[in-house]
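Below is one structure, written out as structure tokens; the observations come after it.
Residue numbers (UniProt numbering): 1 to 349.
Have a look at this one:
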């Protein structure tokens with residue numbers, strides 16, 4: 001069997017209803033850059049980068065935990081990622097796909113690459129908080145961030161298979177998605193792994209890895225990813241995990257979010273999960289410096305100050321109850337919707 005490379009365009013591939021080969025996509029790219037709006041210009045720029053003579057492409061990270069950076073990846077690695085996604089989710093030539101994510105970042109780029117390689121018929125819409133609102137078409141495969149899913153709950157009947165990534169999905173949204181007709185998956189990954197290397201169905205506890213991915217833990221109990229098809233190096237993450245077997249893991253939280261309060265190590269994500277049904281606004285818990293405890297656990301809520309019934313904390317263990325509450329009018333977020341926890345906490349010290 002001939003190896004699929006980044007120079008391949010599947011015969012079934014269509015872009016907004018029109019079949020293109022690589023030369024046609026180059027022409028379309030110039031038109032999008034010259035005549036299009038911002039999201040279309042980004043598509044055009046990516047198409048020119050993909051079909052140039054370089055075997056690599058530069059990708060921008062989201063900057064969740066620091067300053068966004070540029071990393072260089074071989075185009076073949078993106079192809080391998082697309083093939084693994086197609087295998088894992090059962091995508092086939094001729095399936096319809098919708099891209100409603102910004103193509104400036106890897107998640108949007110990969111929707112295009114999957115379409116080239118797998119033969120998907122992809123439509124593009126401007127990235128928005130409710131991308132399905134004005135669409136009258138059903139799609140086989142769509143990727144969204146949690147905010148888009150939250151705002152599209154009444155429109156998800158238009159989607160057969162939905163993957164959610166880019167930011168942590170809270171348990172209240174997960175509950176709303178259970179029992180609907182759409183097959184919904186939460187994904188795990190990062191720019192360095194060329195989007196997801198694992199996924200789990202809504203309602204499941206453990207993530208299952210994609211083909212050709214191996215997992216382990218380091219001495220800090222953080223996830224180590226060995227995915228030679230998409231990364232030449234083993235990736236040491238800051239994500240605390242429980243390894244179930246060589247194919248599955250449970251995500252506990254980020255080690256850089258852990259709060260050491262009086263010698264007790266607290267995982268904010270686990271506390272947030274317990275509180276998710278009780279606080280309607282966006283919120284998170286974290287640590288700020290404290291003279292006695294070293295770090296003090298605090299609750300930070302987005303929006304105007306509001307009374308919080310002490311009863312909502314009854315679900316927490318003794319040391320998990322926040323010592324102080326803060327209200328911030330609007331959270332700082334990355335372009336992919338992730339809350340910039342560290343930056344917000346810094347303003348509260």
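Note that beta-carbon positions come from the ideal geometry of N, C-alpha and C, so glycine has one too. Since we're looking at a predicted model, the values are computed, not measured.
Pairwise C-alpha distance: residue j and residue i
i	j	result
residue 312	residue 337	26 angstroms
residue 282	residue 347	18 angstroms
residue 303	residue 276	16 angstroms
residue 193	residue 162	20 angstroms
residue 73	residue 55	9 angstroms
residue 4	residue 262	55 angstroms
residue 246	residue 274	28 angstroms
residue 133	residue 152	7 angstroms
residue 138	residue 98	9 angstroms
residue 207	residue 248	5 angstroms
residue 76	residue 280	43 angstroms
residue 317	residue 341	23 angstroms
residue 309	residue 315	13 angstroms
residue 17	residue 88	25 angstroms
residue 220	residue 155	42 angstroms
residue 80	residue 10	15 angstroms
residue 203	residue 173	11 angstroms
Where residue i sits in the DSSP three-state scheme
i	result
residue 332	coil
residue 85	helix
residue 104	coil
residue 140	strand
residue 403	Past the boundaries of the shown model lies residue 403; the chain is included only from 1 to 349, so the question cannot be answered.
residue 114	helix
Residue i, enclosing beta strand (DSSP E) - first and last residue
i	result
residue 74	70–74
residue 217	214–217
residue 238	235–245
residue 161	159–164
residue 252	248–254
First and last residue of the uninterrupted alpha helix (DSSP H) at residue i
i	result
residue 23	22–35
residue 57	Careful: residue 57 lies outside any alpha helix (DSSP H), inside the beta strand (DSSP E) at 56–60.
residue 341	341–348
residue 41	38–50
residue 306	From DSSP, residue 306 is part of no alpha helix (DSSP H); its letter is neither H nor E.
Nearest-angstrom Cβ-Cβ length linking residue i and residue j, presumed shorter than 8 angstroms
i	j	result
residue 195	residue 164	Not a contact, Cβ separation roughly 12 angstroms.
residue 205	residue 250	6 angstroms
residue 298	residue 324	5 angstroms
residue 91	residue 141	6 angstroms
residue 227	residue 238	Residue 227 to residue 238, Cβ: 17 angstroms. No contact.
residue 328	residue 300	6 angstroms
residue 191	residue 59	5 angstroms
residue 229	residue 84	7 angstroms
residue 257	residue 269	7 angstroms
Neighbour flag for residue i against chain B, beta carbons, 8 angstroms
i	result
residue 88	Structure shown: chain B not included; a single protein chain is present.
In DSSP terms, what residue i is bridged to
i	result
residue 189	196
residue 259	266
residue 299	285, 325
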